[in-house]
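Colleague: The working numbering numbers the first residue of the sequence shown as 938 and each following residue consecutively. We treat Cβ as the ideally placed atom computed from N, Cα and C, and that holds for glycine. Computed from a predicted structure; not experimentally measured. Sending over a structure as C-alpha cells; questions will come in a sec.
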Amino acid sequence: MGTISTREPHQIKVRRMDFEFGEDIPENWAADNPILTGLLTALSGSFPAGERFFIDSVRHFMDRIDEPELRRRVRGFVGQEAAHTKEHLAFNRFLDERGFFAKMVEERVEAGIAKVKEMSTPEECLAHTVALEHLTAFLASAILENPDMLERMHPTIAAFWAWHAIEEIEHRSVAFDVYKKVVDDEKLRRRMMTRTIIFFSVLNAYRTLLILKKRGTIADLPAWAEAYSMLFGKKGAIRRTWPLFKAYYRRDFHPDQHDNDAIVAEAKEKYLGAAA
Ligand SMILES: [Fe+2]
Ligand SMILES: [Fe+2]
C-alpha cells in the first residue's frame, strides 16, 4: 500500500461567534425535515459534554508535548472546541424552548461520558477522542462537500453549522498528531474506531428516536424517506463521503491527506463573512 502524502495542516483560527437564534427560524430548521432536525438536535445535545471530553483527553498529555508548533495547535483546538460548546449550549437552550429536548440529551451524554472516563485509561480516552475527531471531520466534510442541506436552511442555522464544520476541518489533525506523539498504538487506534462508530451510531439513533417520539414526529414516513435519501441515497451526503471515513483504517492514514481546501475556503467566504 503506497503512502499518501500528507498536506500542510490547516491554520486554526479561534472565532468568537455570537449567534442569535431568532423567532423567524422555522420549526423544522434542518432542511424543513423533522427527522433530520431531530438527528441534528441529538448531535447538538451531545457536543457540550463531548467537546469537554476531547479537550480533557488531549490536555492530559500536554506536558509530554514539547514542540512549540504542536502546543500552539493544541491551544487552537482547545479554543475552538470551547467556543463550539458555548454556542451549542445557546442553541440547545433555544431548542428546548421549542420543545426539542436538547437538555435531556446533554444529561444522558454527560452521564455516558463519565462512565467511559471511569472505565478507560488516559491513552484509551485519547484514542477515543481521535476516533470521534475523525468522525466529526468526516461529518463536517459531508456537510460542506454536499451543500444542498445547508442551502435549504435558514441563514443563521446554515452559518452556525457551517462555522462548526469549518473549524472541525481546521483542527482535524491535532488530537491525531498528539496521539502519534505520545501513544502511537496503531491497533488501539483502529480498535477504538470500531467501538466508537458502533456506539456513536446506536446512541445517536436512539437519542434521535427519543426526541422524535416525544415530539410526535416519529411516524412521518415521507420525512424519513427524504432524510434517508439526503444522507444515504445515491447522492446522499454520508454515502458520497464514506471513503473518507474508511480511510481511517489505513495503516498510513493521516487526517490531513484529505484535500477539501477549496470547499472550505468557499464555505468560509459564503458563511463566515468578516469572521472568515
Ligand atoms: Fe467542535
Ligand atoms: Fe473537534
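#1: Quick one: residues in its chain with C-beta nearer than 6 Å to the C-beta of I992, no 5 flanking neighbours on either side, listed in chain order?
#2: Ends of the alpha helix (DSSP H) at P971?
#3: Could you name the residues, in chain order, whose CB is less than 7 Å away from a heavy atom belonging to ligand 1?
#4: Are the Cβ atoms of A886 and M954 separated by less than 8 Å?
#5: Quick one, which of K950, K1054, E957 and L977 has its alpha-carbon nearest E1011's?
#6: Considering only the beta carbon of each residue, do H1191 and S1110 sit closer than 8 Å?
#7: What do you reckon, are the CB atoms on P971 and A1095 nearer than 8 Å?
#8: In whole angstroms, what separates the C-alpha of E945 from that of E1006?
#9: Helix, strand or coil: how does DSSP classify Q948 here?
#10: Could you check the C-alpha separation between R1045 and T1093 for me, to the nearest Å?
#11: If K1205 sits next to A1213, beta carbons under 8 Å apart, how far is it from one beta carbon to the other, in whole angstroms?
#12: In whole angstroms, what separates the C-alpha of M1130 from that of I1002?
#13: If you reduce the DSSP assignment to three classes, tell me which class D1193 lands in.
#14: With distances taken Cα to Cα, identify the nearest neighbour of Y1186 among H1091, L1125 and R1176.
#15: For a test of your reading of the model: does the CB of E1024 fall under 7 Å from any non-hydrogen atom of ligand 2? Yes or no.
#16: Return the chain-ordered list of same chain residues with a C-beta closer than 7 Å to the C-beta of L977, the five sequence neighbours on each side being excluded.
#17: Run through DSSP, which three-state label would M938 get?
Modeller: According to the structure shown:
#1: V1015 and E1018
#2: P971 to R996
#3: F984, E988, Q1017, E1018, H1021, T1073, H1101, E1104 and E1105
#4: There is simply no residue 886 to check, as the chain begins at 938 and stops at 1213 in what is shown.
#5: According to the sequence displayed, residue 1011 carries Val and not Glu. Comparing alpha-carbon positions, the option among K950, K1054, E957 and L977 lying closest to V1011 turns out to be K950.
#6: yes
#7: no
#8: 13 Å
#9: coil
#10: Answer to the nearest angstrom: the Cα atoms are 27 Å apart.
#11: 4 Å
#12: 24 Å
#13: helix
#14: L1125
#15: no
#16: A967
#17: Only weak support is given to the placement of M938: the predicted model assigns it a pLDDT of 41, under 50, and the question is left unresolved by the model.
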